[in-house]
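Numbered according to the UniProt record's numbering, the sequence shown spans residues 1 to 261.
Idealized CB from N, CA, C, for every residue including glycine.
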Amino acid sequence: MQKHEKALNKLAKDIFTRRLQAGGKLPSERQLSQDMEIDRTSLRIALKHLESMGVLDIRQGDGIYVKDYTHHAGPDFLQLVVESDDLNAPGSVVDDYLMDEMWEFWGAYFPVLLKMSSKKASPRDMRDLMTLLDEELEHVHDRDKIVELDLLAEERIARATGNMVIMLYSNASRTIRRNMVKAFYDRVDDDTVRLHVEIKRALVKDWASGAMTAEELADHYAQVLEAHRAAIKKTRSSNGAAAAMLEEYKDALDKTGSAKV
1 MQKHEKALNK LAKDIFTRRL QAGGKLPSER QLSQDMEIDR TSLRIALKHL
51 ESMGVLDIRQ GDGIYVKDYT HHAGPDFLQL VVESDDLNAP GSVVDDYLMD
101 EMWEFWGAYF PVLLKMSSKK ASPRDMRDLM TLLDEELEHV HDRDKIVELD
151 LLAEERIARA TGNMVIMLYS NASRTIRRNM VKAFYDRVDD DTVRLHVEIK
201 RALVKDWASG AMTAEELADH YAQVLEAHRA AIKKTRSSNG AAAAMLEEYK
251 DALDKTGSAK V
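Shown next, in the form of structure tokens:
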């Protein structure tokens with residue numbers, strides 16, 4: 001990692017966690033350079049990068065001020081914070097509460113994306129999606145592989161919309177999505193993984209055969225995602241114990257009727 005990247009990651013994390021408060025003024029470049037043990041050229045690169053993301057206001061002759069990222073930053077700032085975070089380290093930025101907010105967003109966004117995609121998808125798109133889901137079933141024991149397959153399936157759905165903005169957002173959000181998906185699969189056992197994939201396959205098959213409309217597909221998967229989110233929230237206290245997670249997931253899915261695969 002280059003020097004400016006270390007400074008960038010450190011400052012971004014401090015801004016995100018409010019250790020550096022919005023409206024506050026940073027120390028001088030000279031002081032920051034000394035505190036972070038970095039040369040001023042590398043520091044300036046990091047500061048300009050954060051300014052371009054909307055989280056710093058560099059005022060010539062006055063100083064550097066922190067801006068409220070919830071008012072000025074975009075997904076690229078969250079992407080930077082998540083990408084540079086160590087999920088397994090004490091004090092990880094991506095805690096249960098941030099993860100829940102990301103899943104809340106995904107539960108609202110992805111069904112809309114799925115509905116758009118299912119109205120435009122070609123037979124080839126459906127075949128490719130089923131192939132990816134079949135591969136997921138073959139790799140329920142390999143968490144790294146199934147995470148990548150899950151991401152590829154999401155990206156296949158995004159491309160099927162034919163919408164450039166959605167495709168670019170899908171590309172830009174890959175790190176965030178990987179962390180979300182990984183957090184789910186890392187908490188569950190193979191039975192829960194298999195159940196999750198089989199539900200997805202059953203829904204896609206019903207849609208491809210005409211037994212389910214695009215709207216019904218989106219509604220059912222929204223319920224699956226909500227069950228997924230609810231199970232994670234309820235098993236926090238048990239540190240995501242596999243048995244508890246499976247039961248919570250099944251119970252939540254039973255309420256939607258989506259567990260019948």
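### Query
Using the beta-carbon count (16 or more within 10 Å), is Pro111 buried or exposed?
Classification for Pro111: buried.
### Reference Asp219, options Ser122, Ala153, Leu114, Arg143, closest by Cα
It is Leu114.
### Message
What ranges does the alpha helix (DSSP H) occupy inside the stretch 20-58, keeping only unbroken runs of at least 4 residues that lie completely in it?
### Response
Every alpha helix (DSSP H) stretch that sits fully inside the stretch 20-58 and reaches 4 residues is listed by chain position as 29-36, 40-52.
### Message
In whole angstroms, give me the CA-to-CA distance for Asp142 and Met36.
### Response
So the alpha carbons of these two residues sit roughly 40 Å apart.
### Message
Under DSSP, the beta strand (DSSP E) around Val66 begins and ends at which residues?
### Response
Annotation: the continuous beta strand (DSSP E) that includes Val66 extends over 63-66.
#### Entry: Opening and closing residue of the alpha helix (DSSP H) in which Pro123 lies
Start and end: 123-138.
### Query
CA-CA distance, Arg30 and Lys48?
Rounded to whole angstroms, the gap between the alpha carbons of Arg30 and Lys48 is 16 Å.
### Task
Decide if the stretch 4-15 is in contact with the stretch 48-68; the criterion is three or more beta carbon pairs, one per stretch, under 8 Å apart.
Touching, per the Cβ criterion.
### Own chain residues within Cβ distance below 7 Å of Ile146, not counting five before or after
Apart from sequence neighbours up to five positions away, the residues of its chain that approach Ile146 with a beta-carbon distance below 7 Å are Glu136, His139, Val140, Tyr185, Val193, ordered along the chain.
### Query
Do three or more CB pairs link the stretch 96-112 to the stretch 219-232 at distances below 8 Å?
Between the stretch 96-112 and the stretch 219-232 there are three or more inter-stretch CB-CB distances shorter than 8 Å, so the stretches are counted as touching.
### Query
Given 8 Å as the limit, is there contact between the stretch 152-167 and the stretch 118-132, that is, 3 or more CB pairs closer than that?
With a cut-off of 8 Å, the stretch 118-132 and the stretch 152-167 count as touching, because enough Cβ pairs lie within range.
### Message
What does the alpha-carbon distance come out to for the pair Ala230 and Asp189?
### Response
Each residue's Cα considered, the two are about 17 Å apart.
### Query
For Ser209, is the classification buried or exposed, using 16 other Cβ atoms within 10 angstroms of its Cβ as the cut-off for buried?
Burial is judged here by how many other beta carbons sit within 10 angstroms of a residue's own beta carbon; Ser209 has fewer than 16 and is exposed.
### Task
Confirm, please, whether the CB-CB distance from Val82 to Ile176 is below 8 Å.
Yes; because the gap between Cβ atoms is below 8 Å, this pair is in contact.
#### Entry: C-beta contact flag for Val181 and Leu151 at 8 Å
Taking 8 Å as the cut-off, the Cβ atoms of Val181 and Leu151 count as close.
### Query
Comparing alpha-carbon positions, which option in Thr41, His4, His72 lies nearest Gly23?
The candidate whose alpha carbon is nearest that of Gly23 is His72.
### Message
Less than 8 Å between C-beta atoms, sequence neighbours within five positions excluded: which residues of the same chain meet that for Arg59?
### Response
Answer for Arg59: Tyr65, listed in chain order.
#### Entry: Rounded Cβ spacing between Val93 and Asp100 (contact assumed at less than 8 Å)
Incorrect: roughly 14 Å between the Cβ atoms, too far for contact.
### Message
On the CB-based measure, 16 or more other CB atoms within 10 Å of its CB, does Glu215 come out buried or exposed?
### Response
The residue is exposed, with fewer than 16 neighbouring Cβ atoms inside 10 Å.
### Proximity to Ser228 [Cα-Cα], best of Met212, Leu32, Met102
Correcting the residue identity first, residue 228 is His in this sequence and not Ser. Measuring from the Cα of His228, the nearest candidate turns out to be Met102.
### Query
For the alpha helix (DSSP H) that contains Met102, what are its first and last residues?
From DSSP, the alpha helix (DSSP H) with Met102 extends over 96-120.
#### Entry: Beta-carbon contacts of Lys6 that lie in its chain and below 6 Å, excluding the five residues immediately before and after
Nothing meets the Cβ criterion.
### Query
Alpha carbon to alpha carbon, how far is His4 from Gly61?
Straight-line Cα distance between these residues: approximately 23 Å.
### Task
With a threshold of 16 other CB atoms inside 10 Å of the CB of Tyr97, please say whether the residue is buried or exposed.
Tyr97 should be labelled exposed.
### Message
Using a 10 Å radius around the Cβ and a threshold of 16 neighbouring Cβ atoms, would you call Thr17 buried or exposed?
### Response
Of the residues assessed, Thr17 falls on the exposed side of the cut-off, its CB having fewer than 16 other CB atoms within 10 angstroms.
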